[in-house]
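**Student:** In my numbering, the protein residues as written are 1 to 352. Handing you this structure, nothing more for now.
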């Protein structure tokens, strides 16, 4: 069982591999110790007025069509938020003169998920996009730019497995992929909806790498079930980092989503974890008549809309076109790169 201890005003959540939930279900609705700790701390922060804007979703609808896009109206989302940083290059270094997470007030920090030194933390998102929306800030005192490191991926996978909820999602946008702060961080939130990418058909590329081709946002997928014990979790992390590193070195912006997965859309047992990776056009090049700037939530099928007019007018056809345009070229380029990889050097053990 996980141990929770406190230092000063910031508690530490300690865990071991035995706390991981490899299979979850919608049947019992039981929270894990991690779920309870996160949601309780988040709710206290909300009640204490820490958020700049409260979570307000007056409308939501599933767009008619083949993909089940969930559109949610967030009219307050853009009203008050931290100033967006100008990020023009994938290689842009951390700038201490810009806003960063090294000086977060304690009331915004929910808890430590490392050794208690405040380096790996979970903090509130002061402009939340979903229930219990928080930030995973990893190695924050190293002042790393918004580039996913192996350690940050490992910590994200750990938190995914610590949750007992099939609706827990962990997401990441790189530099030039609409990340608002150039300081390494991931997003955590709960979206209590069945989403198509939990069970959508994937096409095998090679080794452990699958392709997401039957969806407008074209990308890659790694599945925990592709790797054999006892190295499965470490191998999932290594392969995720391997592909992300290729994208970053090619200066292709990218988004990442971790979600629970199941065999069929109607199942209530989630026996797998999927990691989706999308290469995309730089955010600065996005132009469409809807003034719609998708990032990782939209690639996953969760459309966060701030305009009432856009919410009313958006169709699956228009979203399909925009997501295809953003991801298809990068997908084709990286697919060829993955096909040319020397997989023998990875020395990973694959499940049969």
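Ideal placement from N, C-alpha and C gives every residue a C-beta, glycine not left out.
Tell me the rounded alpha-carbon separation between residue 270 and residue 25.
**Tutor:** Distance between the alpha carbons of residue 270 and residue 25: 6 Å.
**Student:** Decide if residue 69 is buried, meaning its Cβ has at least 16 other Cβ atoms within 10 Å, or exposed.
**Tutor:** Buried, by the Cβ-count rule.
**Student:** Counting only the same chain and skipping the five closest in sequence on each side, list residues whose C-beta sits under 7 Å from that of residue 202.
**Tutor:** Cβ neighbours of residue 202 beyond the five flanking positions: 210, 211, 212, 221.
**Student:** May I ask which residues mark the beginning and end of the alpha helix (DSSP H) holding residue 72?
**Tutor:** That residue, residue 72, is in no alpha helix (DSSP H); its beta strand (DSSP E) goes 70 to 73.
**Student:** Within a Cβ cutoff of 8 Å, which residues of the same chain sit near residue 60, ignoring the five residues on either side of it in sequence?
**Tutor:** Result list for residue 60: 70, 71, 72, 73, in chain order.
**Student:** Using the Cβ count rule (16 or more neighbours within 10 Å means buried), how would you classify residue 23?
**Tutor:** Exposed, since its Cβ has fewer than 16 Cβ neighbours within 10 Å.
**Student:** For residue 142 and residue 53, I'd like the C-alpha separation in whole angstroms.
**Tutor:** Distance between the alpha carbons of residue 142 and residue 53 is about 29 Å.
**Student:** Give me the residue from 250, 131, 262 with the minimum Cα distance to residue 191.
**Tutor:** The shortest Cα separation from residue 191 among 250, 131, 262 belongs to 131.
**Student:** Anyone know if the C-beta pair for residue 316 and residue 67 falls short of 8 Å?
**Tutor:** Yes, Cβ-Cβ distance for residue 316 and residue 67 is below 8 Å.
**Student:** Distance, Cα to Cα, residue 148 vs residue 278?
**Tutor:** About 13 Å.
**Student:** Rounded to the nearest angstrom, what separates residue 253 and residue 146 at their Cα positions?
**Tutor:** Roughly 11 Å between the two C-alpha positions.
**Student:** How would you write the range of the alpha helix (DSSP H) that residue 308 sits in, first residue to last?
**Tutor:** It spans 308 to 313 - the alpha helix (DSSP H) in which residue 308 sits, taken as one unbroken run.
**Student:** Please list the terminal residues of the continuous alpha helix (DSSP H) segment that includes residue 15.
**Tutor:** Segment: none, residue 15 is in no alpha helix (DSSP H) and carries neither H nor E.
**Student:** Just verifying my parser: in three-state terms, what is the DSSP assignment at residue 240?
**Tutor:** In this structure, residue 240 counts as helix in the three-state DSSP scheme.
**Student:** Among 177, 10, 119, 281, which residue has its Cα nearest to the Cα of residue 110?
**Tutor:** Ranking the options by Cα distance to residue 110, first place goes to 10.
**Student:** Between residue 128 and residue 55, what straight-line distance do the alpha-carbon atoms span, to the nearest angstrom?
**Tutor:** Taking the straight line from one Cα to the other gives about 6 Å.
**Student:** Whole angstroms are fine: how far does the CA of residue 237 sit from the CA of residue 335?
**Tutor:** So the two alpha carbons sit approximately 19 Å from each other.
**Student:** Using the three-state DSSP reduction, which class does residue 234 fall into: helix, strand or coil?
**Tutor:** Helix.
**Student:** Rounded to whole angstroms, what is the Cα-Cα separation between residue 97 and residue 140?
**Tutor:** Looking at the two C-alpha atoms, the distance is approximately 15 Å.
**Student:** Pull up the distance between the alpha-carbon of residue 160 and that of residue 259, whole angstroms please.
**Tutor:** Each residue's alpha carbon lies about 8 Å from the other.
**Student:** If distances are taken between C-alpha atoms only, which option among 324, 38, 281 comes closest to residue 248?
**Tutor:** Closest option to residue 248, Cα to Cα, is 281.
**Student:** Count the C-beta pairs between the stretch 231 to 245 and the stretch 108 to 125 that are closer than 8 Å, then say yes if the count reaches three, no if not.
**Tutor:** No: fewer than three Cβ pairs fall under 8 Å.
**Student:** Using only CA atoms, which one of 151, 34, 263, 29 lies nearest to residue 20?
**Tutor:** Cα-wise, what sits closest to residue 20 is 34.
**Student:** Between which two residues does the alpha helix (DSSP H) holding residue 134 run?
**Tutor:** Segment 131 to 137 is the beta strand (DSSP E) holding residue 134; no alpha helix (DSSP H) there.
**Student:** Alpha carbon to alpha carbon, how far is residue 262 from residue 92?
**Tutor:** In a straight line, the C-alpha of residue 262 is about 38 Å away from that of residue 92.
**Student:** Can the beta-carbon of residue 310 be found closer than 8 Å to that of residue 299?
**Tutor:** Contact: no.
**Student:** Where does residue 420 sit, in a helix, a strand or coil, going by DSSP?
**Tutor:** No statement about residue 420 is possible, as the shown extent of the chain runs from 1 to 352 and does not include it.
**Student:** Would you mind stating whether residue 216 and residue 324 have Cβ atoms separated by less than 8 Å?
**Tutor:** Yes.
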